[in-house]
Amino acid sequence: MPAETTYLAHHFASLEKQTYAARLGMWLFLATEVLLFTALFAGYGVYRFLFREAFAESSRHLQTWIGLVNTLILVTSSFTVAMGVDRAGKGDGKGAWRFFLVSFLFGAAFMVFKAIEYTHHFHVGELPGRFYTNEEVQLVGAPIFMALYFLITGLHGIHVLVGMTVLLVIGLRARAGAYAAEYSVPVELAGLYWHLVDLIWIFVFPLIYLV
Amino acid sequence: MNPSLVNPDVPVYNPRNYLNEPATGLRSWLLTLDHKRIGVMFLIATTISLFLGGVFALLIRIELLTPGPTIMDAMTYNRMFTLHGVVMIFLFMIPAIPSGFGNFVLPIMLGARDVAFPRLNLLSFYLYLLGAAVALYGMIHGGADTGWTFYAPYSTTTITKVVPILLGAFILGFSSILTGLNFIVTTHTMRAPGMTWMRVPLFIWSIYATSIIQILATPVLGMSLLLVSVEHAFGWGIFDPARGGDPVLFQHFFWFYSHPAVYIMVLPAMAVISEVVCTFSRKNMFGYKAVAYSSLGIAFVGFFTWGHHLFTSGQSAVDAGIFGVLSMLVGIFTAIKVFNWTATLYKGSISFKTPFAYFAGFIFFLVFGGMTGVALATVSLDVHWQDTYFVVAHFHFIMVGATMMAFLAALHYWFPKITGRMLPEGWGLVGAVMVILGFNFTFIPQFLLGNMGMPRRYYAYPAKFWPLNVASTAGATVLALGLVVVLVYTLISLKWGPVAGSNPWHSRGFEWGTPSPPPVENWETTPVIDRGPHEYDEGATVPPTVSPEPEPTHAS
Amino acid sequence: MNELMRRLLFLPEQASDYARDVDHLHFFIITTTMLAATGVFATAIFFFLRWRRRSDSDVTPRIEPTPIHEALFIGTPLVLFLIWFAIGYPQYVRLQLPPKDAMDVFVQGKKWMWKFAYPGGPNSVDTLRVPVGRPVRLLITSRDVIHSFFVPALRLKMDAVPGRYTQSWFTANKPGRYEIFCAEYCGMGHSAMLGELVVLPAAEFDTWLADQRRGDKAVAQDSASTGETVLAAGNLVADGERVAAEQGCLKCHSVDGSRHIGPTWVDLYLRQEKLADGRIIVADEAYLTRSMMDPAADIVAGFQNVMPTYQGKLTPPEVAAIVEYIKSLKTSAVRSGPSAGPVYEPKPRQP
Numbered sequence: 001m002p003a004e005t006t007y008l009a010h011h012f013a014s015l016e017k018q019t020y021a022a023r024l025g026m027w028l029f030l031a032t033e034v035l036l037f038t039a040l041f042a043g044y045g046v047y048r049f050l051f052r053e054a055f056a057e058s059s060r061h062l063q064t065w066i067g068l069v070n071t072l073i074l075v076t077s078s079f080t081v082a083m084g085v086d087r088a089g090k091g092d093g094k095g096a097w098r099f100f101l102v103s104f105l106f107g108a109a110f111m112v113f114k115a116i117e118y119t120h121h122f123h124v125g126e127l128p129g130r131f132y133t134n135e136e137v138q139l140v141g142a143p144i145f146m147a148l149y150f151l152i153t154g155l156h157g158i159h160v161l162v163g164m165t166v167l168l169v170i171g172l173r174a175r176a177g178a179y180a181a182e183y184s185v186p187v188e189l190a191g192l193y194w195h196l197v198d199l200i201w202i203f204v205f206p207l208i209y210l211v
Numbered sequence: 001m002n003p004s005l006v007n008p009d010v011p012v013y014n015p016r017n018y019l020n021e022p023a024t025g026l027r028s029w030l031l032t033l034d035h036k037r038i039g040v041m042f043l044i045a046t047t048i049s050l051f052l053g054g055v056f057a058l059l060i061r062i063e064l065l066t067p068g069p070t071i072m073d074a075m076t077y078n079r080m081f082t083l084h085g086v087v088m089i090f091l092f093m094i095p096a097i098p099s100g101f102g103n104f105v106l107p108i109m110l111g112a113r114d115v116a117f118p119r120l121n122l123l124s125f126y127l128y129l130l131g132a133a134v135a136l137y138g139m140i141h142g143g144a145d146t147g148w149t150f151y152a153p154y155s156t157t158t159i160t161k162v163v164p165i166l167l168g169a170f171i172l173g174f175s176s177i178l179t180g181l182n183f184i185v186t187t188h189t190m191r192a193p194g195m196t197w198m199r200v201p202l203f204i205w206s207i208y209a210t211s212i213i214q215i216l217a218t219p220v221l222g223m224s225l226l227l228v229s230v231e232h233a234f235g236w237g238i239f240d241p242a243r244g245g246d247p248v249l250f251q252h253f254f255w256f257y258s259h260p261a262v263y264i265m266v267l268p269a270m271a272v273i274s275e276v277v278c279t280f281s282r283k284n285m286f287g288y289k290a291v292a293y294s295s296l297g298i299a300f301v302g303f304f305t306w307g308h309h310l311f312t313s314g315q316s317a318v319d320a321g322i323f324g325v326l327s328m329l330v331g332i333f334t335a336i337k338v339f340n341w342t343a344t345l346y347k348g349s350i351s352f353k354t355p356f357a358y359f360a361g362f363i364f365f366l367v368f369g370g371m372t373g374v375a376l377a378t379v380s381l382d383v384h385w386q387d388t389y390f391v392v393a394h395f396h397f398i399m400v401g402a403t404m405m406a407f408l409a410a411l412h413y414w415f416p417k418i419t420g421r422m423l424p425e426g427w428g429l430v431g432a433v434m435v436i437l438g439f440n441f442t443f444i445p446q447f448l449l450g451n452m453g454m455p456r457r458y459y460a461y462p463a464k465f466w467p468l469n470v471a472s473t474a475g476a477t478v479l480a481l482g483l484v485v486v487l488v489y490t491l492i493s494l495k496w497g498p499v500a501g502s503n504p505w506h507s508r509g510f511e512w513g514t515p516s517p518p519p520v521e522n523w524e525t526t527p528v529i530d531r532g533p534h535e536y537d538e539g540a541t542v543p544p545t546v547s548p549e550p551e552p553t554h555a556s
Numbered sequence: 001m002n003e004l005m006r007r008l009l010f011l012p013e014q015a016s017d018y019a020r021d022v023d024h025l026h027f028f029i030i031t032t033t034m035l036a037a038t039g040v041f042a043t044a045i046f047f048f049l050r051w052r053r054r055s056d057s058d059v060t061p062r063i064e065p066t067p068i069h070e071a072l073f074i075g076t077p078l079v080l081f082l083i084w085f086a087i088g089y090p091q092y093v094r095l096q097l098p099p100k101d102a103m104d105v106f107v108q109g110k111k112w113m114w115k116f117a118y119p120g121g122p123n124s125v126d127t128l129r130v131p132v133g134r135p136v137r138l139l140i141t142s143r144d145v146i147h148s149f150f151v152p153a154l155r156l157k158m159d160a161v162p163g164r165y166t167q168s169w170f171t172a173n174k175p176g177r178y179e180i181f182c183a184e185y186c187g188m189g190h191s192a193m194l195g196e197l198v199v200l201p202a203a204e205f206d207t208w209l210a211d212q213r214r215g216d217k218a219v220a221q222d223s224a225s226t227g228e229t230v231l232a233a234g235n236l237v238a239d240g241e242r243v244a245a246e247q248g249c250l251k252c253h254s255v256d257g258s259r260h261i262g263p264t265w266v267d268l269y270l271r272q273e274k275l276a277d278g279r280i281i282v283a284d285e286a287y288l289t290r291s292m293m294d295p296a297a298d299i300v301a302g303f304q305n306v307m308p309t310y311q312g313k314l315t316p317p318e319v320a321a322i323v324e325y326i327k328s329l330k331t332s333a334v335r336s337g338p339s340a341g342p343v344y345e346p347k348p349r350q351p
């Protein structure tokens, strides 16, 4: 059966146009996600300028090793996602599923390390705004650093969870044979989203941990 | 072959259309993927919001009839103006023309069968309803009293229910983003064969520019509102000076979205006007390229002008200078449009029907609203006018005077296409006159109040402001009555209006090539476009060439 | 001419040269706007009438603009707008550059009143007295939320932002009484936050100021809206120290950090105090005032309930002065935070 019959939606003139539209739509959506984080990064930039010392000190007190591990996890998971997209493009739905499952597990590992990190912050009182009770870093601006830290990494964490769900759903559908070599665009788009999640982290890590 | 396409003098009501196919009944509407049905649902929802916002406005104006308390206390008044702003901006101004008329008309104009992502389209409608419901919940429980601008630290410390309203607006933002995304992709990928970019109708150019703003600016609003919610609920101190935060930073964040947002509100209005001018003067647009590119220009430059809301907040003079000049540039793009629209009338064939009457009002209000905007941008004048009724009058001239006029123009222009029936011409002109005159009497006194120095958001005022306030309320009453007149005859015409036929305006816009109301698929066969829209110099009356094209087999 | 245009446009009187200059720009803009608008509308109306529709199948010529048209459409408004900007912007810059010999006045907005203080005294509420012909620099801040100090007669406005100072300046050129409004929404009392700018002839102002500082006159005519009286001499902090000594506060509260019968006043302001009943509060103005009026209500943990009430013994200005004095007793420890800006009532920690 030609691919058109299975995949072409009634309102598109051709499969080619549909694929192009899907990709364009996804890129536009990713642009909105980037802007969402840009707003937070802008806020971070402003306050870092105002409270240079406090931000540097607070950042030094973060557990950079966890950040590093998480970076490695995400970068590797982007690689496995890319492999999965490649498999789907060759028509291998089961292969795509396997790679996506691995990526999903990497994502879960990321969240576990995040949980460890957050728990530590709770214990030492490194919390945002009026909840800040940490003794070691007592500078005006430290509570704001923590507020931004939780906002940025928290929002990113939510996106990781969403990405994990997307990978799971699309991966299962790929395994069930919903896509073919001629039309694996949904798998591609799922991969794109995960790459964005990774890319945002690549900005977050140096900005917040490495200062 | 549809007889209405052969002989446009005999208006025929298309019996098999999107209203009764593929099915009737509530379920088929609530689960529809048809952009026309979604557009109609948006129109109904936004019209209800318009009247809700209007009720708040009338209550405000009644309260301001006397210098002291009139019908409510200060806290209630503060809630009224906040809710008026929130409902009008987020529930009417931003979605009404794009998600209502845009959804209906854009695919048809492009020669397409639907938008690129019909399911996302339906989702955007449900997000609208969800956002409205959350905001409504907040309203019922007292509502916020911060003004729609939610300035910190007042918004982060007030006792009123700010968070539901903020969250409602946040959700509505996603609805806006999805609509914008859909339109951009549709315009790029679903134009009919032969429709080059320079043959795309000007309505679509402006909606396209609107969509770009929607997807780039709305996320920043979402983040700003989220930050205020978090601070209000948890006290994280981002905008709290006692914890090192900067309240003016919130203003920067907020206006980075909200200034482009006003272009989201005005560009679709300009989109409609471009179509109305050409149809009702039977003339090609005087400077098609200029009008098309000026839409993009407004969208682009509009992103760099937010600082003009902060001229009195203590920012540096250099910032003020840059923002002032850039704000004036936006005025240039608007001036280009005004001149081109007027020049289009030259040697045209002008028919003064109701949509054209609204165009006349639109031009009058856009010129004054725009010029007062430029005057505000001279910075020193803004120091006097900032946060006074002058600014209130300025933005109402644009929002109500331009956008709402365009909304009404669109209503009267496309009602025949959407419903297959005509609105009454005589009553239409009565409504237009009432709305235009009422509007003038409402807002011209407010310019003068601003000159006198009456600040905004004032519950009580010194007695010398009394007469102008009474005049303004009188005007508002006429404006409201005019809108009621329009509503009543619209509802009546839904059932009893005379049959319109496929092209009652004898327009050469592309959407008039379909029957009225359109069939589910919009076009029986995909049209092939061999010229631009609104070319009236050839004498033929039939819109674009329709030639049969082999259709590929479809999955759905 | 100036007067005619001013009245036509409902503008307030021009109480400074700057106000007059701004108005001249205003007149220029409105005149040009009216002319241009009339031109556009007249053209449009002429077109409506001259080219009315004869038939629904009329043929019209296809007309394209020439580069000249576009140049005119862009160039004319651009030139006009830039001229206006070239006039208005330098005026704005003038507002940012007060002369060096300007007299400073501290302005503090708070819900819902304006407080004015001259360096060296006196203070007043809601009424600002200034001399004619001398530049006055306003240093403006807020105690709680954003307000905006607006004098229409001066065409002057500047936001009062908590946590920082903003500035503006003016030179009043004729005596009179002018309205002060708050122009940034700040809650229930926003429209009641009215003040009055009293411009006095220079000599009269000098006399008034000298009298104030000498303390010879009780100035009861100020601030009718709040009834708050002006302290006769000096500044609030010194007054507070004097009253605290006179009223015996310093017998129980130390000012050097040592623990005595009552909590020390050093770094007390905005300190988080644990109360005897387990609650944690922040020692803000409200708490300090309450402690003077109803000391038994919120006893700090570890101290006895022995403080007498000062209700009726201290007048409101004296209470305010003591609060200001306490606020001035700070070491460089960071934990207290800055002394301006809003203070939150923290939710009690979960047990």
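Protein chains in written order, with the working numbering: chain A, 1 to 211; chain B, 1 to 556; chain C, 1 to 351. Every residue gets a Cβ at the ideal spot worked out from N, C-alpha and C, and that includes glycine.
| Check | Outcome |
| --- | --- |
| Listed from N- to C-terminal order along the chain, which residues in the region 8-25 of chain A have their beta-carbon within a distance smaller than 9 Å of any beta-carbon of chain B? | LEU8, ALA9, HIS10, HIS11, PHE12, ALA13, SER14, LEU15, LYS17, GLN18, TYR20, ALA21, ALA22, LEU24 and GLY25 |
| So which residues of chain B does A:ARG130 contact, with C-beta pairs closer than 8 Å? | GLY235, TRP236, GLY237 and ARG243 |
| Applying a beta-carbon distance threshold of less than 7 Å, which residues of chain C neighbour B:MET195? | Chain C residues near B:MET195: none, gap ~19 Å exceeds 7 Å. |
| Quick test of your reading: B:VAL291 and B:ALA402, contact by CB under 8 Å. State the CB separation rounded to the nearest angstrom. | That belief does not hold up - the Cβ atoms of B:VAL291 and B:ALA402 are roughly 15 Å apart, past 8 Å. |
| Give the DSSP-derived three-state secondary structure of B:MET422 in the structure shown. | coil |
| For the region 352-369 of chain B, enumerate the residues whose C-beta is nearer than 9 Å to any C-beta of chain C, in chain order. | PHE352, PHE356, ALA360, ILE363, PHE364, VAL367 and PHE368 |
| Provide the residue(s) that pair with C:THR141 in DSSP beta bridges, ordered along the chain. | C:GLN108 |
| Can you list, in chain order, the stretches of the alpha helix (DSSP H) that have 4 or more residues and sit fully within the region 117-169 of chain B? | 118-140 and 154-157 |
| Can you tell me the Cα-Cα spacing of B:GLY131 and B:LYS161, whole angstroms? | 15 Å |
| Can a CB atom of chain A be found closer than 9 Å to the CB of B:PHE117? | yes |
| Just mark C:GLU246 as buried or exposed, buried being the case when its beta carbon has 16 or more other beta carbons within 10 Å. | exposed |
| Among the candidates A:GLN18, A:VAL34 and A:TYR47, whose CA atom is the shortest distance from the CA of B:PHE250? | A:TYR47 |
| Does the beta carbon of A:ALA178 come closer than 9 Å to any beta carbon on chain B? | no |
| Quick test of the definition: if touching needs 3 or more C-beta pairs under 8 Å, does the region 59-79 of chain C touch the region 350-367 of chain B? | no |
| Could you please tell me which residues of the region 272-301 of chain C, in chain order, have their CB closer than 8 Å to any CB of chain B? | none |
| What does the alpha-carbon distance come out to for the pair B:PRO247 and B:ASP240? | 6 Å |
| What residues in the region 256-273 of chain B have a beta carbon less than 7 Å from any beta carbon of chain D? | The structure shown contains no chain D; its protein chains are A, B and C. |
| Under 8 Å: do the region 184-202 of chain A and the region 72-89 of chain A share three or more Cβ pairs, one atom per stretch? | yes |
| For a test of the three-state rule: what should DSSP assign to C:SER168, helix, strand or coil? | strand |
| Could you name the residues of the region 508-540 of chain B whose beta carbon sits closer than 8 Å to any beta carbon of chain C, in the order they occur along the chain? | GLU535, TYR536, ASP537, GLU538 and GLY539 |
| Which bits of chain B does C:GLY187 rub up against, with CB to CB less than 8 Å? | ASN78, ASP145, TYR154 and THR158 |
| Since B:PHE385 sits in a beta bridge, which residues does DSSP pair it with? | The identity of residue 385 of chain B in the sequence shown is Trp, whereas the question assumes Phe. DSSP, once it has assigned bridges, lists no residue as partnering B:TRP385. |
| For B:SER472 and chain C, any beta-carbon pair shorter than 9 Å? | no |
| Assuming B:PRO467 is part of the alpha helix (DSSP H), what are its boundary residues? | 466-496 |
| So which residues of chain B does C:LEU354 contact, with C-beta pairs closer than 9 Å? | No answer is possible for residue 354 of chain C: it lies beyond the span of chain C, which begins at 1 and ends at 351. |
| So that I know if they touch, is there some Cβ in chain C lying closer than 9 Å to that of B:ASN340? | yes |
| Between the C-alpha atoms of C:HIS253 and C:PRO263, what's the straight-line distance to the nearest angstrom? | 6 Å |
| For the region 64-85 of chain C, which residues have a beta carbon sitting closer than 9 Å to at least one beta carbon of chain B? | GLU64, PRO65, HIS69, GLU70, LEU72, PHE73, ILE74, THR76, PRO77, LEU78, LEU80, PHE81, LEU82, TRP84 and PHE85 |
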